[in-house]
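Undergrad: Chains as they are written, first to last, in this note's numbering: chain A, 69 to 419; chain B, 189 to 387; chain C, 78 to 464.
Every residue gets a Cβ at the ideal spot worked out from N, C-alpha and C, and that includes glycine.
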Amino acid sequence: MIDVAVVAFTQRQEAAISGESEVEFMVPLMEQAKASVGLTQSDMGFTCSGSSDFLAGQAFSFVMTIDGTGPVPPISESHVEQDGAWALYEAWVKIQCGGIDTAFVYGYGKSSPGSVRDVLATQMDPYYVCPLWPDSYAIEALAARLMLEGGHVSESRLAEIAARSRASAASNPHAVRTDPKSVAEILAEDYVIDPLRPSDLPAEADGGCAVVLATGDRARELCERPAWIRGMDHRGDAHTLGVRDLTSSASARLAAHHAGVAGDKIDLAELYGPFTTSEHLLIEALGLDEDSTAVNPSGGALAAHTMMASGLIRIGEAASRIWRGDGDRAVAHATSGPCLQQNMVCVLEGD
Amino acid sequence: MSADRPEARDPLAAPAALSAPVTLPEALAGAEPVESVCTPIRMAYTYTPGRALSRYLRAMADKRILGERCGATGQVFVPPRGVSPLAGAATSEVVELADTGYVESFNITRVPIERRPDLKPPYCSAWIVLDGASVGFLGLVINLAPEEVRIGMRVRAVWKPDEELETSAANILGWEPTGEPDEVITDYERIGRIEASDP
Amino acid sequence: MASERTAVIGVGQTKYAAARRDVSMAGLLREAAYRALEMANKTWSDIDAVIIGKAPDFFEGVMMPEVYLAEALGAVGKPIMRVHTAGSVGGSTGCVAASMVQSRVHRCVLTIGWEKQSESNAMWALSLPQPFATSVNAGAGGYFSPIIRRYMMMTDAPELIGCMVAHKDRRQALLNPYAHLHQHDLTFEQVVDSPMLWDPIRYSETCPSSDGACAIVLVDEAGGDRHPGPVAWVHGTAMRSESNSYGGRNMVSPAASEQCADDVFAQAGIVDRRAEIDAVEMYVPFSWYEPMWLESLGFAAVGEGWRMVESGATELDGGDLPVNCSGGVLSSNPIGASGMIRFAEAALQVMGAAGEHQVDGARRAVGHAYGGGAQYFAMWIVGSDKP
């Protein structure tokens with residue numbers, strides 16, 4: 069395998085970015101990410117992005133955004149209709165084919181124009197499930213009830229996860245849910261979708277992020293302490309909710325195994341758990357020890373959930389902490405689909 | 189025909205794995221299969237045009253056409269999107285363009301389209317290069333027979349009556365000939381290219 | 078370290094039709110997937126990863142359908158990815174799938190492109206009303222007809238070249254059992270006399286709207302060597318994208334198209350493109366794009382593409398560079414699959430498995446796709462010999 073590192077990362081997340089189009093708010097992020105390592109678009113061996121037409125409410129929405137990269141002269145480029153983390157995966161694979169030493173990746177989404185929890189109902193089986201219009205919060209509540217009533221998790225444990233996210237988010241300028249709350253205060257919240265409370269839900273946001281990847285010596289030139297991708301894998305579970313165990317995440321466990329999470333101590337983990345329940349399952353599936361691993365030091369998706377970017381932001385957040393020396397070995401995780409259906413795990417290390 | 193071609197098989201035969209018969213319960217034996225179900229999808233979105241397009245649409249209400257200039261190359265884009273694809277950077281300057289230009293190329297639509305029942309075929313849609321702009325943008329050529337439209341023809345905007353103006357690109361009803369001499373396009377090597385105007 | 082040599086060992090297609098009401102979306106994909114697996118002599122358990130591609134989700138009304146399709150595509154416990162690069166997506170998906178093997182990340186990959194436009198309303202999907210946009214166009218034809226007009230003016234091409242292309246592709250489609258349009262008695266005069274839709278584009282010069290899926294199985298070098306049946310080796314893949322609006326842009330032969338071609342031919346070590354390539358499956362949704370792409374891809378000098386068409390050089394029957402022997406996009410257009418069909422048909426040609434539309438002795442073939450405002454390009458070159 070060719071050594072690949074994350075060497076640049078920019079992000080923006082706000083509760084609603086209403087005055088700017090997607091390309092207008094992405095251009096500065098793209099420019100800053102490249103400029104932070106002294107590169108321009110023409111230096112990039114490959115470019116890949118992730119976004120969703122259903123979120124934008126417009127077909128071919130990504131065509132409007134490619135101009136932000138500066139694709140004149142033409143660029144070697146691709147797009148996935150998935151979270152930007154999968155765009156990064158595609159770029160990482162492209163680098164493994166040889167012949168290029170840099171790649172540029174971005175992901176973005178605006179949830180504010182529509183009702184994201186309802187839009188996500190259209191991800192469900194179009195013949196049997198979507199016609200019932202189960203929104204994404206209601207579907208997670210089904211899993212949450214199974215977890216609670218089966219004794220897999222307690223409400224106070226979920227409240228602890230929510231409280232930790234809020235406390236961590238206080239120091240994250242990109243978080244949108246930052247007001248601290250104690251476990252007792254969270255447990256006193258009324259259910260919004262029983263058994264989930266407001267603090268159990270993702271803090272929906274608009275925004276995006278941009279990442280630069282570089283190989284070996286090139287990465288060392290561009291970055292004092294590159295965040296090396298030591299392992300990366302993604303796996304999916306069945307879609308049909310009734311045929312899989314919603315109280316654990318088999319695919320996250322499998323992806324963690326293939327990414328090599330268990331190889332050594334993990335200093336920090338950035339997990340894309342849209343709900344407190346999902347964060348709990350992920351900690352279990354990845355085998356993390358919360359005493360020795362800082363879980364979601366950014367606050368995670370509970371503090372700012374930007375659809376189509378949150379997974380790539382986890383990778384960027386984890387990499388930034390390695391650059392800063394906050395840790396030597398980190399795990400970043402991305403998810404897609406209802407109830408953690410698909411999971412990507414990326415192990416990052418400093419030299 | 190090559191000799192080593194593999195054994196021909198019926199290309200339309202169902203794959204073996206999909207051709208196993210499905211056994212229905214007795215009660216369903218005579219039931220008519222459901223071929224399709226209709227699931228209406230209704231989702232409400234609040235679209236925002238963004239900064240550049242907002243400025244453009246507001247100016248439209250005053251019968252003004254705004255473009256935006258790329259700071260690096262001087263190219264002027266209309267309608268503006270707030271970004272220069274040449275620089276991968278925000279556009280740096282708003283410029284007001286004339287409401288005259290020339291036909292860069294055109295299409296004659298001879299079928300009605302659902303979304304514009306007001307448009308009676310045949311009609312001509314064209315890329316209009318506004319004076320001072322670097323790229324063509326789409327408009328209708330009106331007030332002459334579509335067959336008479338030419339590449340290079342000089343045109344000017346036909347605006348809605350003042351009392352009907354809105355913050356909408358629909359304020360321009362179309363483009364009509366000015367009667368000026370055509371833009372001379374002689375360089376056939378580069379006729380596919382739209383030349384950038386001087387910054 | 079050079080990338081892993083990669084081989085196509087299976088291709089599967091569905092019958093293309095205006096509406097495949099006999100199958101669900103999953104059923105449509107499985108039909109193509111099983112045919113590809115049968116040809117590859119593989120089962121689902123042999124597949125390491127699934128890479129799918131299609132055009133906008135609004136075409137079927139299902140958001141990110143890789144989520145719903147997990148079980149149907151045997152992807153439980155496996156990686157699945159979804160590519161979307163506008164009309165070129167079927168080609169791009171093929172390139173991404175190949176990269177999974179070339180990179181040595183996976184050894185055996187299944188890739189599928191599809192569209193089931195009959196499940197939704199394509200006009201709705203493409204025209205979600207935005208209060209600030211105005212629409213003077215009528216779909217893709219209205220967008221591309223001015224570009225075709227410029228090509229005609231630039232090259233002094235005779236008016237009926239497009240009709241020749243359309244008539245050729247529709248005749249060649251009769252040799253392809255999967256093609257959507259089988260117009261047995263279509264005469265050249267009927268093509269010429271068909272109604273003008275987006276002048277200069279006639280009805281018979283446009284592509285249909287189809288349901289359908291196309292699947293390809295790709296394996297590493299050892300897998301290709303072991304395979305008892307025919308193999309198509311990947312000699313090169315390339316993707317290029319550019320903005321669709323900037324001053325100085327060549328709309329007729331976009332820079333991204335030329336650079337994509339330069340890249341892929343260089344990878345395959347091809348110098349004389351016309352002489353060294355035996356068959357081309359290019360993305361021609363409107364007939365005039367055949368001469369335009371012949372020039373842009375370097376098979377003909379500028380202004381000579383239409384002369385190649387006129388001379389019959391692109392005919393399966395007797396041409397030296399047969400183009401779209403399968404009938405092409407003009408005869409079948411399940412949008413998200415259309416690019417992959419081009420890639421798959423190129424592979425079938427060098428495998429000697431193209432049936433009635435086989436080019437005798439084809440050893441190297443090109444698959445090509447484009448999309449957006451002629452701004453997204455994907456190509457591959459496959460050969461019967463190992464690169």
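#1: Alpha carbons only, please: which of C:Asp349, C:Leu150, C:Ile293 is nearest the one belonging to C:Phe420?
#2: Taking Cβ to Cβ, would you say A:Gln81 is nearer than 8 Å to A:Gly275?
#3: Taking DSSP as the reference, what is the three-state secondary structure of C:Met316?
#4: Round the Cβ separation of A:Gln58 and A:Gly152 to the nearest angstrom and send it over; I've been treating them as touching at under 8 Å.
#5: Classify C:Lys193 as helix, strand or coil using the three-state DSSP reduction.
#6: How is A:Tyr174 classed by DSSP in three states: helix, strand or coil?
#7: Helix, strand or coil for A:Trp160? Go by DSSP, reduced to three states.
#8: Unbroken beta strand (DSSP E) runs of length 3 or more, entirely within the region 373-457 of chain C: which are they?
#9: Which bits of chain B does A:Gln16 rub up against, with CB to CB less than 7 Å?
#10: Alpha carbons only, please: which of B:Tyr235, B:Lys251, B:Arg269, B:Arg243 is nearest the one belonging to A:Val131?
#11: I'd like to know whether the C-beta of C:Ser320 is nearer than 8 Å to at least one C-beta of chain B.
#12: Kindly list the residues whose CB is nearer than 6 Å to the CB of C:Ser80, restricted to its own chain and excluding five residues on each side of it in sequence; keep chain order.
#13: Got a sec? Which residues, its chain only, sit under 7 Å from C:Ile225 by beta carbon, not counting five neighbours each side?
#14: Just to confirm my understanding: we take C:Arg181, look at its own chain, exclude 5 residues before and 5 after, and list those with CB closer than 6 Å. What are they?
#15: The alpha helix (DSSP H) spanning A:Trp391 covers which residue range?
#16: By Cβ distance, which residues of its chain are closer than 6 Å to B:Ile296, with the 5 residues on each side in sequence left out?
#17: So the candidates are A:Ser319, A:Ala369, A:Gln150; which of them puts its Cα closest to the Cα of C:Asp70?
#18: Distance check for A:Ala278 and C:Val379, CA to CA, integer angstroms please.
#19: What is the C-beta distance between B:Tyr290 and B:Val317, in whole angstroms, given that I count them as a contact (C-beta under 8 Å)?
#20: Starting from the C-beta of A:Gln164, find all residues in its chain whose C-beta is less than 7 Å away, skip the five residues before and the five after it, and write them out in chain order.
#21: Determine the direct distance from the alpha carbon of B:Val266 to that of B:Ala260, and round the result to whole angstroms.
#22: Where does the unbroken beta strand (DSSP E) through A:Cys414 begin, and where does it stop?
#23: Are the beta-carbon atoms of A:Glu353 and A:Arg321 separated by less than 8 Å?
#24: Leaving out five residues before and five after A:Trp160 in sequence, what residues of the same chain have Cβ atoms less than 8 Å from its Cβ?
#25: Output the boundary residues of the alpha helix (DSSP H) element that contains A:Asp121.
#26: Under the three-state reduction of DSSP, which class applies to A:Thr246: helix, strand or coil?
#27: Along chain B, which residues have their Cβ under 7 Å away from the Cβ of C:Ser222?
#28: Is C:Met102 close to chain B, meaning its C-beta is less than 8 Å from at least one C-beta of that chain?
#29: Any contact of the region 209-218 of chain A with the region 330-339 of chain A, i.e. 3+ C-beta pairs under 8 Å?
#30: Quick check on DSSP: helix, strand or coil for C:Tyr366?
#31: What's the call for C:Gly444, buried or exposed, on a 16-neighbour Cβ count within 10 Å?
#32: Look at the alpha carbon of A:Ser360 and the alpha carbon of A:Asp186, and state the distance between them as a whole number of angstroms.
#33: If you drop the 5 nearest sequence neighbours on each side, which residues of the same chain put their C-beta closer than 6 Å to that of A:Ala243?
#34: DSSP three-state call for A:Glu338: helix, strand or coil?
#35: Give the residues from the region 425-446 of chain C that approach chain A closer than 8 Å (Cβ to any Cβ), ordered along the chain.
#36: Along the chain, where does the alpha helix (DSSP H) that runs through A:Leu210 open and close?
TA: In short:
#1: C:Ile293
#2: yes
#3: strand
#4: Outside the displayed span of chain A (69 to 419) sits residue 58 of chain A, for which this structure offers no information.
#5: strand
#6: Assigned with DSSP and collapsed to three states, A:Tyr174 falls in strand.
#7: helix
#8: Given a length threshold of 3 residues, each whole run of the beta strand (DSSP E) inside the region 373-457 of chain C is given here in chain order: 441-448.
#9: The requested residue 16 of chain A is not part of the displayed model; chain A covers only 69 to 419.
#10: B:Arg269
#11: Put simply, the CB of C:Ser320 is near chain B, with a gap under 8 Å to one of its CB atoms.
#12: Gln179
#13: Pro277, Ile278, Phe363, Trp365
#14: Glu81
#15: 378-392
#16: Pro310, Cys312, Pro334
#17: With chain C running from 78 to 464 in the structure shown, residue 70 of chain C is simply not present.
#18: 39 Å
#19: 6 Å
#20: Met69, Ile70
#21: 17 Å
#22: 410-417
#23: The question names Glu, yet the displayed sequence has Ala at residue 353 of chain A. Their beta carbons are under 8 Å apart, which means A:Ala353 touches A:Arg321 by this criterion.
#24: Counting only residues of its own chain and dropping the five nearest sequence neighbours on each side, A:Trp160 has a CB closer than 8 Å to the CB of Val72, Ala171, Leu281, Ile297, Met300.
#25: 121-124
#26: coil
#27: Those are Asn295, listed as they occur along chain B.
#28: No, because no Cβ of chain B sits closer than 8 Å to the Cβ of C:Met102.
#29: At 8 Å Cβ cutoff, the stretches do not touch.
#30: helix
#31: C:Gly444 is buried by the Cβ-count criterion.
#32: 38 Å
#33: Ala237, Gly367, Ala371, Ala372
#34: strand
#35: From the region 425-446 of chain C, no residue has a Cβ closer than 8 Å to chain A.
#36: 204-217
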